[in-house]
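Using full-length UniProt numbering, the first residue of the sequence shown is number 1, and each one after it goes up by one.
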Amino acid sequence: MPNERLRTAILERGITPAGLAEALEVDPKSVERWINGRTPYRRHRYAVAAHLGVDEVYLWPDALNPDQLASASESEIVNIYPHRWTVPSDLWRRVFDHAEEDIGVLVYSGLFLSEDTGIQRIFRQKAEAGARVRILLGDPDSEVVAQRGADEGVDDAQAGKIKNAVVLYRPLRQIDGIEFRLHRTVLYNSIYRADDQVLVNTHIYGVTASQAPVLHLRRVAGGGMVNTYLDSFERVWNDATPLA
């Protein structure tokens, strides 16, 4: 079957198959065969992914054997924190500040971020510099938010925190490049994305998010964990409703 991911990545970057072939110093017919579904050798997969700025596993998800995928994915782990409150406050700012293209926040309320004027300033600056900033908050009137509040033992306070976050984010809501949506998705993790870095705050039944562990990940060639979380973010984003 044709490799639509490869075809799309080439088109999105405004190059032609012949241009890619020239950059990689391969026969243009080889690139056409890759687009039509043939899997390249590993050195060519890596070169294509690097040139297009995407992950090798995204373009050829079945190319790596399980041992290679496991080893690469393990290399994506930067750090693990036992609780969100143990993540150094400056780490959140540093991660977002390093982003150049894409910042994403997927939470129910994420109130600690909206209360941080330094992070709000970074979001504004990144959007003004051309980055895309997307913030997904839980719909305070949804059943999933009510259930999460009950699971954490905070009941209606969960919806209240979301409404507070919406108010605190008001200065950012009219800025070009910053988008807000409300979701009605059951979250198993909160996801904080800054280009190839991801902070994942796990959700645990009966435990507030601040008490749950956080994984700090950075995408590496051949790894699969970061892409899994980023794909999840995109699915929630596509089904969410723009904040009025």
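All C-beta atoms in this analysis are idealised placements derived from N, C-alpha and C, irrespective of residue type, glycine included.
These numbers were taken from a predicted model, which means no experiment stands behind them.
Contact check, Leu-137 vs Val-166, beta carbons under 9 Å: yes
Bounding residues of the beta strand (DSSP E) (the contiguous stretch that carries Ile-178): 178–183
Rounded separation between Glu-32 and Pro-17 - CA only: 7 Å
Buried/exposed call for Ile-191, threshold 16 Cβ in 10 Å: buried
contact_flag[the region 223–231, the region 118–130] where n(CB pairs < 8 Å) is 3 or more: no
For Tyr-192, the three-state DSSP class (helix, strand or coil): strand
From Thr-202, Gly-37 and Val-26, residue whose alpha carbon lies closest to that of Arg-43: Val-26
Residue interval of the beta strand (DSSP E) (run including Val-133): 132–138
Coarse secondary structure for Val-236, derived from DSSP in three states: helix
Reduced DSSP category for Arg-94 - H, G, I as helix; E, B as strand; rest coil: helix
Reduced DSSP secondary structure (H/G/I, E/B, other) of Arg-5: helix
As assigned by DSSP and simplified to three states, the class of Pro-213: coil
Distance, Ser-210 Cα to Ile-80 Cα: 14 Å
Cβ neighbour criterion (16 or more within 10 Å) applied to Leu-11: exposed
DSSP state of Val-57 mapped onto helix, strand, coil: helix
Ile-204 classed as buried or exposed, judged by whether at least 16 other C-beta atoms fall within 10 angstroms: exposed
Residue from Leu-20, Pro-61, Glu-22 and Val-54 with nearest C-alpha to Thr-39: Pro-61
Per-residue DSSP class, three states only, for Arg-170: helix
Bridge-paired residues (DSSP) for Arg-45: Looking at the DSSP assignment, Arg-45 forms no beta bridge with any residue, so it has no partner.
Residue ranges of each alpha helix (DSSP H) within the region 100–129, 4 or longer: 111–114 and 117–128
Paired residues, beta bridge with Thr-241 - DSSP: Leu-182
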